[in-house]
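So in our numbering the end of the sequence shown lands on 779, straight run, no missing numbers.
Okay, structure first, notes after.
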Amino acid sequence: MSVDTAGVTKQESEVAHEAGRRRTFAVISHPDAGKSTLTEALALHAAAISSAGAVHGKGDRKGVTSDWMDMEQDRGISITSAALRIDYDGRVLNLLDTPGHADFSEDTYRVLSAVDCAIMLLDSAKGLEPQTLKLFDVCRARKMPVITFVNKWDRPGREPLELLDEIEQRIGLRPTPMNWPVGIAGDFRGLVDRTSGVYTKMTRTPGGATKAVEEVLEPERAAEVELDAWVQAQEEIELLEALGADFDPESFMAGESSPVLFGAALSNFGVGQLLDTVVELAPAPSAKLDAKDRPRRVEQPFSGQVFKMQANMDKNHRDRMAFLRVSSGRFDRGMVLTHASTGRPFATKYTQAVFGSDRSTIDTAYPGDVIALVNAQALAVGDTLYDGPKVDFPPIPSFAPEHFVVARAVDAGKYKQFQRGIAQLDAEGVVQVLTSDVRGEQAPVLAAVGPLQFDVVKHRMDQEFRSPVEASPLDYSVARRTDEESAPVLHALSGAEVLRRRTDGELLVLVHNKWRLRVIERDHPSLLMEPLLAGGVDEGE
């Protein structure tokens, strides 16, 4: 093995170089803000696909590249997550697609543990919405850099300064616009680059299936063409400068400020500027702390963490796939890795890149890349795989469920299939499984971030495990973590119930609603009722 004068091997140098080329990010948004459309527009702009499939909204969602499950295509929504690799401007962009539907799953939050940056997508008319706030809560907990993209500027919406004020007031994130719209929302003329002052005039393309035609004008010519709209935009830009709303690299990397860009993903306008901003500002993969707070540098031997499990993605093969984010080192297909939690070897003969219904064999991967390990029955969400010196990364946290049902096997004679299916769906993170001595193992409580997950459970229990289930809703909407001392008192209160989460043994108290929660907190201030991540109760009030 060749070593240079600084003691760095050739492979370490290669890994460090490749890691420096990676940008791994996700788009977070509320339903209908245009996330799938933006995903397609980014891929189109980088020439990863030839035409956008999500250009006609939900009515024509069967063409969307990133939605693969039958249920997604039938309903025109994103339920599961996919990873899209884009080669652009000498960089490798790994875009992890987070489901954006109102009934999305815990998987939506979990994906954020595998990225280094997020694009916060806002609807120009609606601004910050409840699901965006919950997703941002996860980003804030990780101190993750966030780039903001204000979408749908080609439709009627709010004033741009009003939207910036909302971002700062509601989530404490200081907005620093990189470009500025000319023309109010719904009368979108184009964008001014705040650094260069150059104006890019918007030219609509039919249906938005191809890249937008952009006409670049110098400021003097722009003033002649856009008249009053140009004057207003310049006045607003001057106000931004007076307020000091300029990009600050340190506060951006600390998750305290956010570069803001405007555009219209449906028309593919402003998407190129967003892509360039991601390349320029989003951080490359860096050292990841293990469970003992020791850094695993990107050039060290291979390590990675499973952030998502998915069974039976291919109807023709009853496979189980683990999505793993590479944290360090070079991955080569066929490597025999070590499973940190068991110490057992794990062979990687079948490894793929997956986006939508497309699969391709992946032979090599570097820090920041996402690989799908096929036939991964031995793995679970949060598991670490490594080569060389042992490393074990901290577990991925569970998130606050808001919907609860009691599950029972329709056919008592298929109880073993019922138990096996529930256990697998729990391991995949489709739902959280809660139990108690009172309810018994035959009637576990399933907890989910969104109720659509229960439809997924019923479908898969019937089709894969041949054990149909009935799911009876419970009248709870809030979950909090508690402890052994507080549990008996809480369990005895009206409108509350304590159960134990099967995966980690945590005690959770379920409460009917946020008003009952506040009464309990007021009357019993000494009891532990700790909020779970993404579990605020005040969103949208």
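For every residue, glycine included, the Cβ atom is placed at its ideal position computed from N, Cα and C.
The structure displayed is predicted, hence computed values, not measured ones.
Quick one: is residue i buried, meaning 16 or more other Cβ sit within 10 Å of its Cβ, or exposed?
i    : result
A772 : buried
T441 : exposed
G395 : buried
V608 : buried
V293 : Confidence at V293 is low in this model, with a pLDDT of 33, below 50, so its placement is unreliable and the value that follows should be read with caution. Burial call: buried.
R432 : buried
S764 : exposed
Q680 : exposed
D354 : buried
D209 : Since the displayed the chain opens at 239 and closes at 779, residue 209 lies outside it and no answer follows.
R532 : exposed
D375 : buried
H255 : exposed
K654 : exposed
E759 : exposed
D484 : exposed
My understanding is that residue i touches residue j, with C-beta atoms under 8 Å, so please give their C-beta distance in whole angstroms.
i    : j    : result
G501 : N389 : 7 Å
S541 : S565 : 5 Å
F656 : A647 : 4 Å
V749 : V716 : 5 Å
L360 : T386 : 7 Å
T589 : L575 : With a Cβ gap of about 11 Å, T589 and L575 do not count as contacting.
S496 : L411 : 5 Å
H268 : Q369 : 4 Å
Please state if the CB of residue j and the CB of residue i are separated by a distance shorter than 8 Å.
i    : j    : result
R677 : F545 : no
E473 : M547 : no
L481 : M416 : no
Q543 : F426 : no
T602 : D570 : yes
D664 : T580 : no
P639 : A578 : no
R825 : G733 : This structure does not reach residue 825, given that the chain is present from 239 up to 779, and the question cannot be answered.
K364 : G493 : no
E708 : L745 : no
T414 : D335 : no
Residues in its own chain within less than 7 Å of residue i by CB, not counting five upstream and five downstream?
i    : result
S710 : V643 and V644
E768 : R718 and R719
G428 : V420, Y437, T438, K439 and M440
V517 : R261, Y326, D327 and R329
E250 : E537
R534 : A525, K526, D528, S541, S565, S566 and V629
In this structure, how does DSSP classify residue i when only helix, strand and coil are distinguished?
i    : result
L766 : coil
P383 : coil
L350 : helix
L359 : strand
G659 : helix
R378 : helix
V671 : strand
W391 : coil
F637 : strand
R260 : strand
S541 : strand
K300 : Since pLDDT at K300 reaches only 40, below the 50 mark, its modelled position is unreliable, and the value read off the structure follows with that caveat. Residue state, collapsed to three classes: helix.
E744 : coil
P398 : helix
K530 : coil
R760 : helix
K546 : strand
T277 : helix
E367 : coil
F703 : coil
K324 : This sequence places Ile at residue 324; Lys is not what is there. Three-state DSSP puts I324 in a strand.
I409 : helix
E453 : strand
L737 : strand
A730 : coil
Note down, in chain order, each residue of its chain lying with its Cβ closer than 6 Å to the Cβ of residue i, except the 5 sequence neighbours on either side.
i    : result
S674 : L737
L512 : F387 and L499
P457 : G435
A560 : V544, M547, L611, A614 and L617
L333 : L322
A520 : R261, F263 and C355
G510 : H283
H762 : none
Would a check of beta-carbon distances place residue i closer than 8 Å to chain B?
i    : result
R698 : Although the question refers to chain B, the structure presented lacks it and comprises just one protein chain.
Who are the Cβ neighbours of residue i in its own chain at under 8 Å, not counting the five residues just before and after it?
i    : result
G258 : A522
L562 : G542, Q543, V544, F545, V608, I609, A610, L611 and L623
D649 : S705 and P706
I634 : R348, S351, Q543, F545, V619 and G620
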